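*Asks:*
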Amino acid sequence: MSALATKHNAINLSQGFPEFSPNPELIALVHQAMRNGFNQYSPMAGQLSLREVLADRQNTWGRAFGIDPVNHITIVPGATAGLFAVFQALVLPGDEVILFDPSYDSYAPSIILAGGIPVRLSINSDGTYPFDRLKQSLSNKTKMVVVNTPHNPLGIVFKKEDWQQLSDVLAHSKALVLSDEVYEHMVFDDATHTSVLQIPSLAQRAIVVSSFGKTFHATGWKLGYITANEELTQEIRKVYQFLAFAANTPMQVAAAEFLVAHPQYESSVSKIMQEKRDVFAGAMTGSGFKLLPCEGAYFQMADYSAISTMKDTDFAVYLTENLGVAAIPVSAFYQQPQENQYWLRFCFAKNDDTLLKSAELLCRL
Ligand SMILES: Cc1ncc(COP(=O)(O)O)c(C=O)c1O
0 MSALATKHNA
10 INLSQGFPEF
20 SPNPELIALV
30 HQAMRNGFNQ
40 YSPMAGQLSL
50 REVLADRQNT
60 WGRAFGIDPV
70 NHITIVPGAT
80 AGLFAVFQAL
90 VLPGDEVILF
100 DPSYDSYAPS
110 IILAGGIPVR
120 LSINSDGTYP
130 FDRLKQSLSN
140 KTKMVVVNTP
150 HNPLGIVFKK
160 EDWQQLSDVL
170 AHSKALVLSD
180 EVYEHMVFDD
190 ATHTSVLQIP
200 SLAQRAIVVS
210 SFGKTFHATG
220 WKLGYITANE
230 ELTQEIRKVY
240 QFLAFAANTP
250 MQVAAAEFLV
260 AHPQYESSVS
270 KIMQEKRDVF
280 AGAMTGSGFK
290 LLPCEGAYFQ
300 MADYSAISTM
310 KDTDFAVYLT
320 ENLGVAAIPV
330 SAFYQQPQEN
340 QYWLRFCFAK
350 NDDTLLKSAE
360 LLCRL
């Protein structure tokens, strides 16, 4: 959709990346790290200074076991690479991995490359998780359940009660839990982010993948990290060593210095994104789109059934070519596109004038 947006000079609310820049101080710290000679390989698990600040942060936020920078955190070149390393390390041929659709597009191919079998369960249309169907789908082949919170594209936040239900369903299973928490610092209104690592009954079988690309508004930097207990971390590092060996050094050094200097940085991110959500939603009032609730991440789901019953893939192309606004057809996140579901995903991590201009165009439909 981004390529089509460029071709038609359309406003691009499709791919998920911010239109605004990372904090200038962070950029200056990257320059400084380069000038100070941090231009060679980092240790495989990442710069210790960064792992230390991340461990401190997580322990402050509360984790079911003490996070140790040496044995529990691995810095990787972006969450997608982190997810790939996790699947390759922990999924064996024939293993089943449960995904909740709509799901981020890298999960299923990475599982299949590892010889695993994705088992895809759709999230209920009211945004609740299909715990009954999950229970029925568990078998001795189930190696892992993947959760994404806050959720791309639905904007749902997995609550403590959801984790508890997951824990109950998994009580007699050895399945691991991979929690993709790349939008952990974007939660709105009364919602709070609950990491799987806060849940005592799940933390020792959990792997969390996080992304600085999201938290720093710097998706092009491709920097993220994986947190898991020592045993799981050792397995993941065996793959990661030969996948990339290390993530880029100056950005790690800068990220560590920036986080030390700004102990509250992460809590500012939710506020910025909530304001963006509200600017877009406010400007869409009176449009034919029905906006779905958005508790977190930076995507607004919109139901266009009152405007058209075109397939979402066709409608997204139509909007790009004829109206000049690009969005993502949500069927792309499903194995089995849902019947009678007319949903598009708009990324609202954009400047206000971009949001207002695109909403004005969308209101013309
Ligand atoms: C749910 C989810 N997981 C992982 C990623 C990948 O993050 P990164 O850019 O750090 O690879 C994204 C990016 O859009 C995402 O939406």
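Quick note: the sequence shown uses numbering that gives the first Met the number 0, first residue 0, plus one each step. The C-beta atom is built at its ideal place from N, Cα and C for all residues, glycine as well. Computed from a predicted structure; not experimentally measured.
1) Judging by CA-CA distance, which residue of Glu274, Gln340, Phe279 is the nearest neighbour of Ala305?
2) According to DSSP, simplified to helix, strand and coil, what is Asn400?
3) Using 8 Å for Cβ pairs, my map puts Met283 next to Leu361. What's the rounded Cβ distance?
4) Only counting the same chain, and skipping five residues up and downstream in sequence, which positions put a Cβ closer than 8 Å to that of Val90?
5) Could you check whether the stretch 53-63 touches the stretch 190-206, counting it as contact only if at least three pairs of C-beta atoms, one from each stretch, sit closer than 8 Å?
6) Quick one: grab the DSSP three-state call for Ile116.
7) When you compare each of Asp311, Pro336, Asn139, Ala88 to Ser368 by their alpha carbons, which one comes out closest?
8) Would you mind working out which of Asp94, Ser124, Thr79 sits nearest Tyr103, comparing C-alpha positions?
9) Are there 16 or more other CB atoms within 10 angstroms of the CB of His171, so buried, or fewer, so exposed?
10) So does Val186 have its beta carbon nearer than 6 Å to some heavy atom of ligand 1?
11) What's the C-alpha gap between Asp188 and Gly36?
12) Using the Cβ count rule (16 or more neighbours within 10 Å means buried), how would you classify Phe86?
13) Arg204 by DSSP, collapsed to three states: which one?
14) Should Ser210 be listed as close to ligand 1, given that the test is whether its C-beta is under 6 Å from any heavy atom?
15) For Cys346, which residues does DSSP report across the bridge?
16) Grab the span of the alpha helix (DSSP H) containing Leu98 for me, first residue to last.
17) Let me know the secondary structure DSSP gives Lys142 once reduced to three states.
18) So, at 7 Å on beta carbons, what are the nonlocal neighbours of Ala9 in its own chain, with the 5 sequence-adjacent residues on each side left out?
19) Any idea if Glu294 is buried or exposed, counting beta-carbon neighbours within 10 angstroms, 16 or more meaning buried?
20) Return helix, strand or coil for Tyr239, following the three-state DSSP convention.
21) Ile74 bridges to which residues according to DSSP?
22) Quick one: Cα of Tyr264 to Cα of Asp313, how far?
23) For a test of the three-state rule: what should DSSP assign to Asn11, helix, strand or coil?
24) By DSSP's criteria, Ser209 is part of a beta bridge. Which residues make up the other side?
25) Less than 7 Å separating the beta-carbons of Leu82 and Val208?
26) Look at the alpha carbon of Asp351 and the alpha carbon of Phe16, and state the distance between them as a whole number of angstroms.
27) To the nearest angstrom, report how far apart Arg119 and Leu98 are at their CA atoms.
28) How would you label Lys221, buried or exposed, when you count the other beta carbons within 10 angstroms and need 16 or more for buried?
29) Just to check, is the beta-carbon of Gly61 closer than 6 Å to a non-hydrogen atom of ligand 1?
30) Helix, strand or coil for Lys158? Go by DSSP, reduced to three states.
31) Return the residue from the list Ile225, Leu169, His216 that minimises the CA-CA distance to Lys194.
32) Return yes when the Cβ of Tyr303 is within less than 7 Å of the Cβ of Phe288, no when it is not.
*Replies:* This is what the structure holds:
1) Gln340
2) It is not possible to answer for residue 400, since the shown part of the chain is limited to 0 through 364.
3) About 6 Å; that satisfies the 8 Å criterion.
4) Val96, Ile110, Ala113, Gly114, Gly115, Lys142, Met143
5) yes
6) strand
7) Outside the shown range of the chain (0 to 364) lies residue 368, about which nothing can therefore be said.
8) Thr79
9) exposed
10) no
11) Distance between the alpha carbons of Asp188 and Gly36 is about 43 Å.
12) buried
13) Three-state DSSP puts Arg204 in coil, outside helix and strand.
14) yes
15) Phe298
16) Segment 95-100 is the beta strand (DSSP E) holding Leu98; no alpha helix (DSSP H) there.
17) DSSP, read as helix, strand or coil, puts Lys142 in strand.
18) Thr319, Gly323, Val324, Ala325
19) buried
20) helix
21) Tyr224
22) 40 Å
23) strand
24) Tyr224
25) yes
26) 15 Å
27) 5 Å
28) buried
29) For ligand 1, not one heavy atom lies less than 6 Å from the Cβ of Gly61.
30) coil
31) A small correction: the amino acid at residue 194 is Ser; Lys does not occupy that position in the sequence shown. For the residues Ile225, Leu169, His216, the minimum Cα distance to Ser194 belongs to Ile225.
32) Yes. Within cutoff.
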